[in-house]
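Residue numbers (numbering that gives the first Met the number 0), protein chains in the order written: chain E, 0 to 379; chain Z, 0 to 299.
Glycine included, C-beta positions come from ideal geometry on N, C-alpha and C.
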Amino acid sequence: MALAAGARRQQHETSTETKKTLLSIEKITKYFDEDLAVDNVTLDVRQGEIFALLGASGSGKSTLLRMMAGFENPTEGRILLEGEDITHQPPYQRQINMMFQSYALFPHMTVEQNLAFGLKQEKLAKDVIIDRVQRMLKLVHMEKFARRKPHQLSGGQRQRVALARSLAKQPKLLLLDEPMGALDKKLRTEMQLEVVDILENVGVTCVMVTHDQEEAMTMADRIAIMDQGFIQQIGSPVDVYESPNSRMVAEFIGSVNLFDGQIIDDQEDHMTLHTDELDADIYIGHGVTSSVDERSMLFALRPEKTLMTRERPEGDYNWSSGIVHDIAYLGGHTVYYVRLPQGKIVQCFLANVERRADRPTWDDPVYVHWASDSGVVLRS
Amino acid sequence: MKKLDLARILPGGRRWVIAGPYLWLLVFFFMPFVMVAKISLSETMLSIPPYTAMFEWLDQTLNIRMTFSNYAWLLSDDLYIQAYWNSIKIAFNATIFCLLLGYPMAYAIAKAPPHLQTTWLLLVLLPSWTSFLIRVYAWMGLLGNNGVFNNFMVWIGLIDSPIQMLNTNFAVYIGVVYSYLPFMVLPLYANLVKHDNALLEAASDLGARKITSFFRITLPLSVNGIVAGSMLVFIPVVGEYVIPELLGGAETIMIGKVLWQEFFNNRDWPVASALAVLMILLLIVPIMLFHRYQNKEVGQ
């Protein structure tokens with residue numbers, strides 16, 4: 000199933016490029032009294048995509064989502080849904096539905112009644128409601144539990160009901176607030192793929208909020224990384240991981256080794272950096288259009304692209320000696336913490352492709368090295 | 000290991016803890032009730048105590064004398080049936096008034112910012128810090144023909160002569176609703192304050208306006224609070240004595256008042272006891288209902 004979802008998404012990704020904008024956030028700012036929660040955010044959500052707002056708590060992502068739902072009024076800016084200004088429309092008039100983090104299922108109603116609640120507000124005919132409720136139950140595989148009350152369901156089942164309820168009104172936009180927040184880790188991984196499956200089945204556009212980068216990368220087509228109320232970077236999971244545009248993004252998504260360096264040479268096809276933290280200089284296989292006064296750069300290298308050997312690597316660039324400071328064996332891969340001569344500790348992931356392979360151990364002298372296109376240069 | 004040892008030293012320790020309150024209830028509630036029930040089955044006579052003994056040892060025979068004439072008497076006389084009916088009617092109406100007044104109060108307090116909630120709850124409770132009797136006396140001063148309200152209305156020219164308010168059912172309702180309102184507000188507040196705001200947001204998100212959300216979400220979820228508050232008002236008001244005695248008039252015949260008259264004016268202990276027993280039986284039904292709802296709430 001994981002493969003299937005992944006494959007479909009790849010297709011999806013290429014086709015969204017041409018899709019039109021469904022939701023536009025235009026220069027939205029939100030103050031709570033004196034506190035700035037959302038700072039001049041502008042972004043577009045395209046028809047049919049799953050868009051994730053990723054950030055730590057207090058980054059303003061939930062406030063932004065609540066403004067899309069209509070629970071908060073922006074201090075400044077506009078929200079457009081299919082070109083129509085909905086900034087000051089109350090939630091009950093918006094064709095946007097939300098799945099709450101706590102699910103917010105009505106405890107005194109059965110699963111069926113929960114699903115029918117929104118449809119009854121639209122004053123739909125009784126048989127239309129019954130039919131739609133049945134379809135929704137089927138969609139989330141909860142037909143057997145139609146007569147149960149929420150407290151008689153497990154966490155995963157409640158989540159399915161909450162999802163079905165938010166989809167029942169066939170909203171133009173679906174909002175998910177920390178959709179996996181209330182589930183344990185194992186169930187979370189399962190449900191992430193299943194929810195993506197369901198959403199793609201329905202073809203609904205979706206904005207989700209999460210603090211879990213793995214969840215955002217598994218589920219979303221595009222991710223916006225938020226920090227202190229504004230958006231640091233928007234891009235596909237590959238973009239934000241492989242080409243972070245700032246130190247904050249590089250550090251927030253996954254682990255990273257960072258080196259402060261000075262530009263020695265900046266050509267069109269390559270550049271070199273000098274850093275005191277490494278034995279050799281850094282050679283990068285592309286140039287950076289830097290101005291003369293910008294000599295200080297940050298070199299970011301992912302641990303899985305940081306290689307480790309016992310022999311000294313060939314060449315004059317991209318290596319350093321060190322000794323093994325610590326080892327964390329995690330089953331699938333091992334994290335080596337290598338202390339460089341200047342005292343800096345870098346991380347280095349080694350996939351455990353062999354059982355009980357002969358590996359360096361504590362305090363062994365080793366060398367770390369990497370390819371010229373492995374790292375990213377960031378303005379510091 | 001330690002837990003096991005403790006269990007061996009104190010077998011059924013938990014049961015002993017529960018036994019305390021049960022013992023209390025047995026000695027101070029059940030036994031007096033049995034005594035009252037026993038008196039209700041005897042006949043009145045001029046002696047001390049003023050009723051016949053149930054058990055008599057005569058000529059090596061144990062004579063047990065039980066008479067149901069007191070109950071027959073209660074049921075045959077209109078006055079008593081009227082008193083029961085009146086008490087229940089007044090208690091029921093007062094409960095409705097308390098609910099209509101108390102629900103918006105509890106709702107407003109529960110929705111207020113947290114730092115105001117304590118203050119507002121305190122204001123609800125504050126009157127109970129003075130004596131109940133003094134507060135009822137105060138109402139006599141307010142409602143009397145020469146009282147504050149009448150004088151004020153005459154002074155501003157709204158009426159020419161004082162309206163009879165004191166010693167009417169109206170005054171009894173005022174007194175009862177005033178005195179028992181906190182008992183309605185507190186359980187309702189305790190219920191409403193627990194409501195998850197996300198439920199109302201979800202309802203709004205699904206297309207419900209505020210008024211729909213209230214009737215479809217808030218009200219059904221506060222049923223337990225409504226039942227608890229209603230029982231706390233209804234049960235004591237049925238047996239209320241002080242308020243109808245001080246504020247009520249000749250028309251206000253309530254069971255508490257009748258009981259007092261039988262006991263102290265007529266010195267008819269058996270009939271008074273029978274009245275009390277019937278009243279308790281009458282109240283057991285709502286108490287059982289209350290209990291059932293409480294269990295339900297615990298179960299959820």
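Through-space distance from Thr-74(E) to Pro-149(E), alpha-carbon basis: Distance from the CA atom of Pro-149(E) to the CA atom of Thr-74(E), rounded to whole angstroms, is 37 Å.
Leu-277(E) in three-state terms, based on DSSP: For Leu-277(E), the three-state secondary structure derived from DSSP is coil.
Minimum C-alpha distance to Ile-412(E) - residue among Arg-294(E), Val-367(E) and Gly-331(E): With chain E covering 0 to 379 only, the question about residue 412(E) has no answer from this structure.
Top-ranked residue by Cα proximity to Asp-211(E), from Ile-252(E), Gly-234(E) and Pro-243(E): Nearest of Ile-252(E), Gly-234(E) and Pro-243(E) to Asp-211(E), Cα basis: Ile-252(E).
Supposed close pair Trp-72(Z), Val-270(Z) - CB separation, criterion 8 Å: Your pair Trp-72(Z) and Val-270(Z) checks out as a contact, with CB atoms roughly 6 Å apart and the cut at 8 Å.
Nearest-angstrom Cα separation, counted from His-140(E) out to Ala-279(E): Approximately 58 Å between the Cα atoms of the pair.
Chain-ordered chain E contacts of Pro-357(Z) [CB-CB under 8 Å]: The question about residue 357(Z) has no answer here: the residues shown for chain Z are numbered 0 through 299.
Pro-73(E) at chain Z interface by Cβ criterion, 7 Å: Between Pro-73(E) and chain Z, the shortest Cβ-Cβ separation is not below 7 Å.
Trp-119(Z) versus Pro-181(Z), Thr-217(Z) and Ile-254(Z), residue with shortest Cα-Cα distance: The alpha carbon of Trp-119(Z) has as its nearest neighbour, out of Pro-181(Z), Thr-217(Z) and Ile-254(Z), the alpha carbon of Pro-181(Z).
Alpha-carbon to alpha-carbon, Met-307(E) and Thr-86(E): Spanning the two alpha carbons is a distance of roughly 54 Å.
Minimum C-alpha distance to Asn-141(Z) - residue among Met-164(Z), Leu-121(Z) and Leu-132(Z): Note on residue identity: the sequence assigns Leu, not Asn, to residue 141(Z). Sorting Met-164(Z), Leu-121(Z) and Leu-132(Z) by C-alpha distance to the C-alpha of Leu-141(Z) places Met-164(Z) at the top.
Beta carbon of Val-176(Z) nearer than 7 Å to that of Cys-97(Z): Closer than 7 Å, so yes.
Secondary structure of Ile-24(E), DSSP reduced to three states: Here Ile-24(E) sits in strand by DSSP.
Chain Z contact for Pro-90(E) (CB, 7 Å cutoff): Yes, contact with chain Z.
Whether Leu-339(E) touches Ser-319(E) by CB criterion (7 Å): The answer is yes: Cβ separation under 7 Å.
Chain Z contact for Phe-70(E) (CB, 7 Å cutoff): So yes, Phe-70(E) belongs to the interface.
Near-chain Z residues of the segment 132–161 of chain E (beta-carbon distance less than 8 Å), N- to C-terminal order: Under the 8 Å Cβ criterion, the segment 132–161 of chain E contributes His-150.
Boundaries of the alpha helix (DSSP H) in which Arg-65(E) is found, first to last residue: In the DSSP assignment, Arg-65(E) falls within the unbroken alpha helix (DSSP H) covering 60–68.
Tyr-292(Z) versus Leu-280(Z) - alpha carbon distance: Using only the alpha carbons, I get a separation of about 19 Å.
Phe-67(Z) in three-state terms, based on DSSP: Looking at Phe-67(Z) - three-state DSSP - the assignment turns out to be coil, as it is neither helix nor strand.
Glu-267(E) versus Asn-256(E), Arg-378(E), Ser-254(E) and Gly-286(E), residue with shortest Cα-Cα distance: Relative to the Cα of Glu-267(E), the nearest Cα in the group Asn-256(E), Arg-378(E), Ser-254(E) and Gly-286(E) belongs to Gly-286(E).
CA-to-CA distance, Arg-14(Z) to Gly-143(Z), given in whole angstroms: Each residue's alpha carbon lies about 55 Å from the other.
Chain E contacts from the segment 197–225 of chain Z (Cβ-Cβ distance under 8 Å): Flagged, chain order: Ala-197, Leu-198, Glu-200, Ala-201, Ala-202, Ser-203, Asp-204, Leu-205, Gly-206, Ala-207, Arg-208, Thr-211, Arg-215, Ile-216, Pro-219 and Leu-220.
N- and C-terminal bounds of the beta strand (DSSP E) containing Met-307(E): Per DSSP, Met-307(E) belongs to the beta strand (DSSP E) from 306–308.
Gln-120(E) at chain Z interface by Cβ criterion, 7 Å: By this cut-off, Gln-120(E) is an interface position.
Cβ-based burial, Lys-256(Z) [other Cβ within 10 Å; buried from 16]: With 16 or more other Cβ atoms within 10 Å, it is buried.
Under 7 Å between C-beta atoms of Val-37(E) and Lys-29(E): Annotated as proximal: Val-37(E) and Lys-29(E), with beta-carbon spacing under 7 Å.
Stretch pair the segment 121–135 of chain Z + the segment 209–221 of chain Z: three plus CB contacts closer than 8 Å: Contact annotation: the segment 121–135 of chain Z does not touch the segment 209–221 of chain Z, with fewer than three C-beta pairs closer than 8 Å.
Nearest residue (CA-CA) to Glu-241(E), options Asp-176(E), Gln-151(E), Asp-32(E) and Val-376(E): When each option's Cα is compared against that of Glu-241(E), the closest is Val-376(E).
Alpha-carbon to alpha-carbon, Asp-204(Z) and Leu-246(Z): It is roughly 51 Å from the alpha-carbon of Leu-246(Z) to the alpha-carbon of Asp-204(Z).
C-beta contact flag for Val-208(E) and Asp-259(E) at 7 Å: No.
Residue-level contact to chain Z via CB, Asn-96(E), 7 Å cutoff: True, the Cβ-Cβ gap to chain Z drops below 7 Å.
CA-to-CA distance, His-194(Z) to Val-201(E), given in whole angstroms: The straight-line gap from Cα to Cα measures roughly 33 Å.
Beta-carbon gap between Tyr-91(E) and Ala-161(E) smaller than 7 Å: In this structure, Ala-161(E) does not lie closer than 7 Å to Tyr-91(E) by Cβ.
Spatial neighbours of Ile-50(Z) in its chain, beta-carbon cut-off 6 Å, leaving aside the 5 residues before and after: The sequence given here has Tyr at residue 50(Z), not Ile. When the five nearest sequence neighbours on each side are left out, the beta carbons in the same chain lying within less than 6 Å of the beta carbon of Tyr-50(Z) are those of Ile-38, Ser-41, Thr-43, Trp-268 and Pro-269, in order along the chain.
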